[in-house]
Amino acid sequence: MSLELHGLGVSRGIAIGNAHILFHNQPDVLEYIVLNGEVEHEVARLEHATEQAKKQLKAIRDNIPANAPADVSAFIDTHLLMMQDSSLTKIPVEMIRQRHCNAEWALQLQRDALINVFNEMDDPYLRTRRNDVEHVVNRIHRLLADEESSDVDITDGRLKGAIIIAEDLTPADTMLMQHQGVAAFVTEHGGATSHTTILARSLGIPAIVGVGSLRRYIQDNEPLIVDGEAGTLIAGADANTHDEYQQRLISFKQHIASLSRYKSQPSQTRDGKKISLHANADSPDDITTISNSGAQSIGLYRTEFLYMNRNSPPEEEEQLTAYRKVVEGMNDQAVTIRTFDLGADKTVDGGRNLNQTTTNPALGLRAIRLCLKQPNMFRTQLRAILRASAFGKIKIMFPMISNTQELLQAQHLLQRCKFELDKEGLEYDHHIETGAMIEIPASAICAEMFAKQVDFLSIGTNDLIQYTLAIDRIDDHVNYLYDPLHPAVLRLIQVTIDAGKKHNVPVSMCGEMAGDSRYTRLLLAMGLENFSMHPNALLEIKQVINETDLGQLPKNALQILNMSDPFDAELLLEQINSPSH
Ligand code: PEP
Ligand code: MG
580 MSLELHGLGV
590 SRGIAIGNAH
600 ILFHNQPDVL
610 EYIVLNGEVE
620 HEVARLEHAT
630 EQAKKQLKAI
640 RDNIPANAPA
650 DVSAFIDTHL
660 LMMQDSSLTK
670 IPVEMIRQRH
680 CNAEWALQLQ
690 RDALINVFNE
700 MDDPYLRTRR
710 NDVEHVVNRI
720 HRLLADEESS
730 DVDITDGRLK
740 GAIIIAEDLT
750 PADTMLMQHQ
760 GVAAFVTEHG
770 GATSHTTILA
780 RSLGIPAIVG
790 VGSLRRYIQD
800 NEPLIVDGEA
810 GTLIAGADAN
820 THDEYQQRLI
830 SFKQHIASLS
840 RYKSQPSQTR
850 DGKKISLHAN
860 ADSPDDITTI
870 SNSGAQSIGL
880 YRTEFLYMNR
890 NSPPEEEEQL
900 TAYRKVVEGM
910 NDQAVTIRTF
920 DLGADKTVDG
930 GRNLNQTTTN
940 PALGLRAIRL
950 CLKQPNMFRT
960 QLRAILRASA
970 FGKIKIMFPM
980 ISNTQELLQA
990 QHLLQRCKFE
1000 LDKEGLEYDH
1010 HIETGAMIEI
1020 PASAICAEMF
1030 AKQVDFLSIG
1040 TNDLIQYTLA
1050 IDRIDDHVNY
1060 LYDPLHPAVL
1070 RLIQVTIDAG
1080 KKHNVPVSMC
1090 GEMAGDSRYT
1100 RLLLAMGLEN
1110 FSMHPNALLE
1120 IKQVINETDL
1130 GQLPKNALQI
1140 LNMSDPFDAE
1150 LLLEQINSPS
1160 H
């Protein structure tokens, strides 16, 4: 019998493949007494499971693909070291011998003791190492329970072509899985602009988030169909449905292929207005996709992925190598590097989270706030970016600016880094441009203030919508409120575009809205001239631009900024987008 589940379709495309379930089921651990004659057998069981766990980890580490995020192996090494430590090898064995308890129980008691020690540490970094203890012990527990590990193993060939079914995925998990050729992601939680979603979209992987009860209905390995646009997940499809989706998959691929004719065409409206199209990127690996998309430059290079899946932040030389690779890969085209936007859902991995856990992490120490709170880490990044600017055109962009002091402090630190490099005789672009992201309503309202201080502004609609409508972008309970057409959102965008024009400062948009073709004509009508998006969306956006005559757009198009009824707004948007315009 066929079963259809619905969620939020967040990354377009059709996928047909088998389920790979990534729920981390933790086996229940019960205590029982081991008979005298069985004690050594129990010890051997624990030692065998620990050996198996080590083997699994070594196999993963030894097969890390060359293009995997730097230092993934360091993350795995930490877990390997823990498995070799006497606190997890000798002490549980002694417990089994002394208490005659089962291996699982001994391991659990020791895990709790270690976690208590970590919890009491003053150093917040060391305190968060308890997560590593949990991961390591969970792996051994699963082996003791004879369960296969359900961790995301980056070399696990089983994931090729699989449809990943998970409760939630971190951006780090997603980054690791991109190396395995997964066919689609379906999660119980998540929102339209969560970083995991954005990653899936930029990787061109169909994805659905917010599908309830996945765990109850979907079996491991069963054949599934994913429609990433409609947000539909189908299990047990009959032959007709299967054929229909197979046909749609072929049509979707043909549509994508047909867009390639726009690659060499200039991006301009029918009445001759030139529009700049730029790409968003997360890693040097994106360069090939970007080159194929015909983007004019990289409008947003998210650097935080360099900091993930590792235990310590990247050093200056490592960052320099990464940024240099990007800028050289882009030849003479500019690369706008955004300083690290860590915090909230983007934590530094290995259990390390640079911001303290707060009730509202999205409102807490993230982005520029964290950069300024960690001046050494920030300085390292600024120096690396500056040094990379000797090899090509780079611009620096600061995320989540909320007041002019933050901007001044960031620029001051940049100035100091320039002095240092001058002293050290190291080269960089002395005229490097700096810009601010407009992601907070306060900054949009005061965009003129920032326009006077920077070379460019970039509207981050993902956060701007989150903060304007007070909806956590990763909370699926409120993702129905996500609405780029809300008049408050549109007015803030308009204010920012107008501020840029008034002060002759270019304004671009680099949030997901810029890559959604439903909004392209409206944004053109509002006067936006620079769009930056995941490269997979670029040719489609160019198609819309090339088929638009600005003079023919409905005269009342901008009334949408005053529409109180979302249905009226949708109707007007349809009119704006109708082919005759
Ligand atoms: C945004 O907020 O729109 C943006 C581009 O930044 P990020 O999605 O990385 O927060
Ligand atoms: Mg943002």
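Residue numbers (our numbering): 580 to 1160. Glycine included, each C-beta is placed from N, C-alpha and C at the ideal position. Note that this is a predicted model, so its numbers are computed, not measured.
Item                                                                                                                                      : Value
Through-space distance from residue 776 to residue 832, alpha-carbon basis                                                                : 21 angstroms
Contact between the stretch 816-828 and the stretch 583-598 (3+ Cβ pairs under 8 angstroms)                                               : yes
Sequence-distant residues of its chain with Cβ nearer than 8 angstroms to residue 907 (five each side left out)                           : 970, 971
Spatial neighbours of residue 923 in its chain, beta-carbon cut-off 7 angstroms, leaving aside the 5 residues before and after            : 940, 941, 945
Distance CB(residue 782)-CB(residue 744) smaller than 7 angstroms                                                                         : no
Nearest residue (CA-CA) to residue 634, options 956, 893, 658, 919                                                                        : 658
Bridge partners - residue 847, DSSP secondary structure assignment                                                                        : 853
Residues sharing a beta bridge with residue 1109, DSSP                                                                                    : 855, 1087
Three CB pairs or more closer than 8 angstroms across the stretch 798-807 and the stretch 621-636                                         : no
Residue 1126 versus residue 1108: straight-line alpha-carbon distance, rounded                                                            : 16 angstroms
Distance between residue 757 and residue 870 (C-alpha atoms, nearest Å)                                                                   : 19 angstroms
Chain-order list of residues whose beta-carbon lies under 8 angstroms from that of residue 974 (same chain, five-residue window excluded) : 913, 914, 915, 916, 1011, 1012, 1013, 1014, 1034, 1035
Candidates 921, 968, 696, 611, of which the one nearest residue 951 by Cα                                                                 : 921
Residue 601 to residue 714 span [Cα, whole Å]                                                                                             : 14 angstroms
Residues near residue 980 in its chain [Cβ-Cβ closer than 7 angstroms; skip 5 each side]                                                  : 947, 986, 1015, 1016, 1022, 1029
Member of 630, 821, 1121, 1007 whose CA lies at the smallest distance from the CA of residue 899                                          : 1007
Reduced DSSP secondary structure (H/G/I, E/B, other) of residue 802                                                                       : strand
Span of the beta strand (DSSP E) around residue 597                                                                                       : 593-600
DSSP-derived helix/strand/coil call for residue 811                                                                                       : strand
Spatial neighbours of residue 716 in its chain, beta-carbon cut-off 7 angstroms, leaving aside the 5 residues before and after            : 686, 690
Stretch-stretch touch, CB-based, cutoff 8 angstroms, three pairs: the stretch 951-962 with the stretch 988-1003                           : yes
Residue 858 and residue 1085 closer than 7 angstroms at C-beta                                                                            : no
For residue 993, the first and last residue of its enclosing alpha helix (DSSP H)                                                         : 983-1003
Buried versus exposed, by CB contacts within 10 Å (16 or more), residue 834                                                               : exposed
C-alpha distance - residue 877 paired with residue 1097, whole-angstrom precision                                                         : 22 angstroms
beta-carbon residue 922 near the ligand MG non-hydrogen atom, thresh 6 angstroms                                                          : no
Residue closest to residue 590, alpha-carbon to alpha-carbon, out of 786, 1142, 607, 1039                                                 : 786
Same chain, Cβ closer than 6 angstroms to residue 846, five either side skipped, listed in chain order                                    : 854, 856, 1121, 1124
Sequence-distant residues of the same chain with beta carbon closer than 7 angstroms to residue 967, five excluded per side               : 899, 902, 903, 906, 973
Among 627, 815, 790, nearest to residue 801 - alpha-carbon criterion                                                                      : 815
Proximity below 7 angstroms, CB of residue 993 to CB of residue 949                                                                       : no
Spatial neighbours of residue 760 in its chain, beta-carbon cut-off 8 angstroms, leaving aside the 5 residues before and after            : 738, 739, 740
Paired residues, beta bridge with residue 1037 - DSSP                                                                                     : 1016, 1087
Endpoints, beta strand (DSSP E) assigned at residue 976                                                                                   : 973-977
Alpha-carbon to alpha-carbon, residue 674 and residue 684                                                                                 : 9 angstroms
Reduced DSSP secondary structure (H/G/I, E/B, other) of residue 967                                                                       : helix
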